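Data first, discussion second: the structure below is written as structure tokens.
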Amino acid sequence: MQERILDFLKRKQDYVSGEDISKHLNVTRQALWKHIQDLREAGYDIVAVPHLGYKLESVPDRLFAFEITSRLNTRLIGKRVYYFDTLSSTMDIAMKLGMEGAQEGTVVVAEAQTKGKGRLGRSWLSPKYKGIYFSLILRPHVLPQECPLLTLLAAVSVVEGVRRKTAIDLQIKWPNDLLIHGKKAAGILTELKAETDGISFIVIGVGINVNNDAKSLMPSASSLKEYRKEEVSRVELLQEILRAIEENYALFKEQGNAAIIEKWRSDNVTLGKRVKVVGREELLEGDAVDIDADGGLLIRNDSGMIVKVMAGDIVHCR
Ligand code: BTN
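When the count follows my numbering, it moves up by one through the sequence shown with no breaks and lands on 428 for the last residue.
So this is what it looks like as structure tokens:
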């Protein structure tokens, strides 16, 4: 009901009498008053003036499920959103929902994470109301070894969503670190449930530093606000990213890897650079020459041999 009351107030953009709302939404005046109180508590600024009624003055930048789904206009991605105020990690809930058969496109979002997970066992700082932390369940018909491509798809989609909403051009560092002027502003983590003949589902986790203040960030990290010098609506940004994922996922299904790889190439800052692969037994350093159809990085070492790296981390040497 709260969602319908909000929708009504948003569409009116002016005072509406309690009687009108009650009649249209078939709710008693008393129940309406209670819902208005609850909405106020959630941060919605709703004024009540005798003889005029209620007016919605402002909406909080909270990632409530109905704020995300309303006017999202996608067919698959984000049709179902699970919202949490604070969670250990959206990955865990999304994996659990995936096992329980949640539909493809389901999103789990949290305002804060207490155990946000990064790649390679690292953690992801997830302060409340500052960033966007979400996990998306997909059920693509691909082999487990083809999954890195979906991570690239997510990276490309975050770049596109951020560009549309803020005009900031994030740069992709292989495989899927998203940078602003060399500092990390977003990251992507994927986990999957594989079967012998393919994957059952994949969970793509996205963390973005949105409205984090510079002083709260590690020296190697940045945020959209730090760069833009103004706050970004997290609701609108998340919606833009979900729309971009929907478009790119459709493109991937229609045209395969090539279209996604092409987009990744045009937004990346790794190809052409001297790179060092970290966390391997033996040292691997060379020139990043290309990425393969499955998302692997092709490095030409100093003997001229091409080595393919599928996972891990790299540093840009120059
Ligand atoms: C990285 O190391 O770059 C990946 C970071 C991924 C963080 C996101 S935040 C939402 C989702 N839940 C998590 O615990 N991690 C991912």
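Note that CB positions come from ideal geometry on N, CA and C, so glycine has one too.
Bear in mind the structure is a predicted one, so any value in this text is a computation, not a measurement.
May I ask you to report which of helix, strand or coil DSSP gives residue i?
i      : result
ALA204 : helix
GLN123 : coil
ASN358 : helix
VAL316 : strand
ARG229 : helix
ALA331 : strand
TYR154 : coil
ALA264 : helix
GLY271 : helix
ALA368 : helix
LEU347 : helix
ALA212 : coil
GLU177 : helix
PRO237 : coil
GLY276 : Residue identity differs from the one stated: residue 276 is Thr in this sequence, not Gly. The answer is helix: DSSP assigns THR276 an H, G or I state.
LYS339 : coil
ASP117 : helix
ILE187 : coil
LEU259 : helix
PRO254 : helix
ASP148 : helix
ARG172 : coil
SER326 : helix
SER198 : coil
Which one or two residues does DSSP pair with residue i in a beta bridge?
i      : result
TYR193 : VAL219
GLU305 : GLY308
TYR164 : VAL126 and ALA158
ALA296 : LEU288 and ILE318
GLY406 : Answer is none; GLY406 lacks a bridge partner.
TYR243 : ALA220 and GLY317
ALA398 : ILE409
GLN112 : GLN112 is not bridged to any residue.
VAL419 : LEU407
LEU182 : DSSP, once it has assigned bridges, lists no residue as partnering LEU182.
GLN281 : LEU289
LYS386 : GLU395 and VAL425
LEU248 : ILE312
ASN378 : ILE282
Less than 7 Å separating the Cβ of residue i from some heavy atom of the ligand GDP?
i      : result
THR200 : By its list of ligands, the structure shown excludes the ligand GDP, since it contains just the ligand BTN.
Can you give the beta carbon distance from residue i to residue j, rounded, assuming they're within the 8 Å contact cut?
i      : j      : result
LEU381 : ARG375 : 7 Å
VAL320 : ARG353 : The Cβ separation is near 17 Å, so there is no contact.
ASP400 : LEU394 : With a Cβ gap of about 16 Å, ASP400 and LEU394 do not count as contacting.
SER333 : ALA295 : 6 Å
LEU289 : VAL379 : 7 Å
ALA331 : LYS283 : Going by Cβ atoms, the distance from ALA331 to LYS283 rounds to 13 Å, so no, they are not a contact pair.
MET205 : VAL313 : 6 Å
TYR154 : PRO170 : 6 Å
ARG150 : LEU135 : 18 Å between Cβ atoms; not a contact.
Any contact between the region 239-255 and the region 213-231? By contact I mean 3 or more CB pairs, one from each, below 8 Å. yes
message: Would the region 179-198 count as touching the region 342-357 if we require 3 or more Cβ pairs under 8 Å?
response: yes
**Message:** Across the region 231-241 and the region 271-282, are there enough close Cβ pairs to call them in contact, namely three or more that are closer than 8 Å?
**Reply:** no
Q. Given 8 Å as the limit, is there contact between the region 290-305 and the region 113-131, that is, 3 or more CB pairs closer than that?
A. no
How do the region 115-127 and the region 165-173 stand: do at least 3 beta-carbon pairs fall below 8 Å, yes or no? yes
* Asked: Is the region 193-201 in contact with the region 364-375, if contact means three or more CB pairs nearer than 8 Å?
  -> no
Pairing CB atoms from the region 400-409 with CB atoms from the region 257-269, are three or more of them under 8 Å? yes
* Take every Cβ of the region 414-424, pair it with every Cβ of the region 308-317, and state whether three or more of those distances are shorter than 8 Å. => no
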